[in-house]
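Undergrad:
Residue numbers (this note's numbering): 1014 to 1593.
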């Protein structure tokens, strides 16, 4: 720990009094959301460092001194210090984002160590100016006003202040519209330990793991929090300022059995919109594996596309979501479009997303979603704004912008994979798809999309396994992938399963559903269904067979698969000439 020059009370160049005042300021703040033992944790490590004993700050020492563990404490099997250190780091982050932004000293505990670091910000701060004798915060404006009135420079400072206020107003009026973040916010409350000592480890571990798993879904903003007091309700102002959703739960351990309950609460109505119970046996299983598995299942159920938060709903049934209501509706509209794939929804969703990225130009997920809408102008012939490959080229630029803004956003990588695949670059597309899935293996939308591209590139068996896994893990998955499952079984020669899967598809306004259905029904000998499907497709895509070979090539089918599809189209009765 080092500081700016020596002062009275310094220790090795550090103003000890200033550091202790900073710790006191943090502990008294309502924005430092930490339990009693986290507060003791912070005080202990800072005091040890100030005393020159930073090299003592190991997990074993902290566990004994702060958490009351005995001499036989095992750092390998009891991760309490690691877990609590992560919580303390997040609590400090929250404090410095809110009331601590103007503090003169920033205290951090870097990952990989428990030794605190100090950063002098260069700002002046008087504890007496903004904390009253009872330790309650006094509004900053009130403190400044009192200080100015006591000084002899009141008139001069007031004049300068008025000029600055006018300047700020002028800049505000002339600046672009300031909007809150477009993502919906979810706060993860620490899971309650309902079983005393046996459940403490699992409650802490699952809570910590959930924050990591949920953060991979970039459609959401994830924050950690503390449980509210029983029956406590936020007021109307807090509802619009705070997170839209709360994720809470409890952990019970009895004998060798673990039960975890989880529930998602809508803070605007205090309605439980999703809940689930997970049972596990503790015999022969490691705690890390159990915690990671349960957290992954909860995160996927809550945060994945078509999950509890993003299940498509009608615009009229959605309550307002503070300043980002339109952007949130646009995200839901995108997933609804992906479920119906029709021209009317395509146009409305494209307009909505274009407005969203105009309002939020650094919103990577918005750019990723828009890339799909541009791509579909060409691949599905929806609301084209120019001749091919105008839509595909624009889609690639948009997807690349999404990845440029956030290279770890799995949704952005998924969009780029899809655009490159339909730009006849399958190898590059599949490489990016693997990266997207590695960033978020719990996102079944990415799993299904990646599987469908692997299948279309010729590995039908592997692609089917991935899509089937995605559909099993997320029954609300878009029907588009159900149709691709039907096509996959058709290509593998399993007519029975192909018919079963195509009959599950509900995409009457999507042209390619009727094309695939016609091929499957023709080979299965279902004449009435075949004729109806052929008629519907030709009404929707009358010029499709003008260059059937190019359509198949754009979708990266292998040479043998193109022959199979061409022969199937002839059998179904489509106007496929010998040149095709």
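A virtual CB, placed ideally from N, CA and C, is assigned to each residue, including glycine.
Kindly confirm or deny that the stretch 1199-1207 and the stretch 1290-1298 touch, where touching means at least three C-beta pairs closer than 8 Å.
TA: Segments in contact, no.
Undergrad: Using a threshold of 8 Å, state whether the C-beta atoms of residue 1286 and residue 1216 are closer than that.
TA: No, Cβ-Cβ distance for residue 1286 and residue 1216 is not below 8 Å.
Undergrad: For the beta strand (DSSP E) containing residue 1289, list its first residue and its last residue.
TA: Unbroken beta strand (DSSP E) run through residue 1289: 1284-1294.
Undergrad: Using DSSP with H/G/I as helix, E/B as strand and the rest coil, what is residue 1569?
TA: Reduced to three states, the DSSP call for residue 1569 is coil.
Undergrad: If you check the beta carbons only, do residue 1036 and residue 1059 fall under 8 Å apart?
TA: Yes, Cβ-Cβ distance for residue 1036 and residue 1059 is below 8 Å.
Undergrad: So what does residue 1598 bridge to, in DSSP terms?
TA: It is not possible to answer for residue 1598, since the shown part of the chain is limited to 1014 through 1593.
Undergrad: According to the Cβ coordinates, are residue 1046 and residue 1129 closer than 8 Å?
TA: Not in contact: residue 1046 and residue 1129 (Cβ atoms no closer than 8 Å).
Undergrad: Can you give the Cα-Cα distance for residue 1519 and residue 1358, rounded to whole angstroms?
TA: So the two alpha carbons sit approximately 16 Å from each other.
Undergrad: Under a three-way DSSP split, which group does residue 1322 fall into?
TA: Coil, per DSSP.
Undergrad: How is the alpha helix (DSSP H) around residue 1375 delimited, first residue to last?
TA: Per DSSP, residue 1375 belongs to no alpha helix (DSSP H) and is neither H nor E.
Undergrad: Within 10 angstroms of the Cβ of residue 1496, are there 16 or more other Cβ atoms? Answer buried if so, exposed if not.
TA: Looking at its Cβ environment, which holds 16 or more other Cβ atoms inside 10 Å, residue 1496 is buried.
Undergrad: Tell me which residues share the same chain as residue 1464 and place their Cβ nearer than 6 Å to its Cβ, disregarding the 5 neighbours each side in the sequence.
TA: Excluding positions up to five away in sequence, the list reads 1476, 1479 and 1480.
Undergrad: Would you report the Cα separation of residue 1078 and residue 1094, rounded to the nearest angstrom?
TA: Cα to Cα, the separation comes out at about 11 Å.
Undergrad: Taking the alpha-carbon positions, what's the residue 1406 to residue 1424 distance?
TA: The straight-line gap from Cα to Cα measures roughly 19 Å.
Undergrad: For residue 1567 versus residue 1397, is the C-beta spacing smaller than 8 Å?
TA: No, these two residues do not count as a Cβ contact at 8 Å.
Undergrad: Assign residue 1280 to buried or exposed, taking buried as 16 or more other Cβ atoms, counted over all protein chains shown, within 10 Å of its Cβ.
TA: Burial call: buried.
Undergrad: Quick check on the DSSP output: the beta strand (DSSP E) that includes residue 1120 runs from which residue to which?
TA: First-last of the beta strand (DSSP E) with residue 1120: 1118-1121.
Undergrad: Which residues in the same chain as residue 1278 place their Cβ atom closer than 6 Å to its Cβ, once the five residues preceding and following it in sequence are excluded?
TA: Within the same chain, residue 1278 has close Cβ partners 1259 and 1285.
Undergrad: Under the three-state reduction of DSSP, which class applies to residue 1237: helix, strand or coil?
TA: Strand, per DSSP.
Undergrad: Taking a contact to mean a Cβ-Cβ separation below 8 Å, would you say residue 1319 touches residue 1491 in this structure?
TA: A contact, by the Cβ cut-off of 8 Å.
Undergrad: Tell me, to the nearest whole angstrom, how far the beta carbon of residue 1531 is from that of residue 1550; I am working on the premise that it is less than 8 Å.
TA: Right, the Cβ-Cβ distance comes to about 6 Å (below 8 Å), so this counts as a contact.
Undergrad: Rank 1306, 1127, 1449 and 1564 by C-alpha distance to the C-alpha of residue 1071 and give the top, closest one.
TA: Measuring from the Cα of residue 1071, the nearest candidate turns out to be 1127.
Undergrad: In angstroms with no decimal places, state the Cα-to-Cα distance between residue 1588 and residue 1360.
TA: When rounded, the distance between both Cα atoms is 30 Å.
Undergrad: Check whether the Cβ atoms of residue 1403 and residue 1354 lie closer than 8 Å to each other.
TA: Taking 8 Å as the Cβ cut-off, residue 1403 and residue 1354 do not qualify as a contacting pair.
Undergrad: Alpha carbon to alpha carbon, how far is residue 1412 from residue 1428? Give it in angstroms, no decimals.
TA: Their backbone Cα atoms lie some 6 Å apart in a straight line.
Undergrad: To the nearest angstrom, report how far apart residue 1221 and residue 1442 are at their CA atoms.
TA: Distance between the alpha carbons of residue 1221 and residue 1442: 33 Å.
Undergrad: List the DSSP bridge partners of residue 1514.
TA: Answer is none; residue 1514 lacks a bridge partner.
Undergrad: From residue 1081 to residue 1123, what distance separates their C-alpha atoms?
TA: Taking the straight line from one Cα to the other gives about 23 Å.
Undergrad: Are the Cβ atoms of residue 1300 and residue 1214 separated by less than 8 Å?
TA: Yes, the pair counts as a contact, with Cβ atoms nearer than the cut-off.
Undergrad: Take residue 1489 and list the residues in its own chain whose beta-carbon comes closer than 8 Å to its own, dropping the five residues that flank it on each side.
TA: So the list reads 1319, 1320 and 1324, once near-sequence residues are dropped.
Undergrad: Looking only at C-alpha atoms, which of 1486, 1538 and 1451 sits nearest to residue 1317?
TA: The shortest C-alpha separation from residue 1317 is found at 1486.
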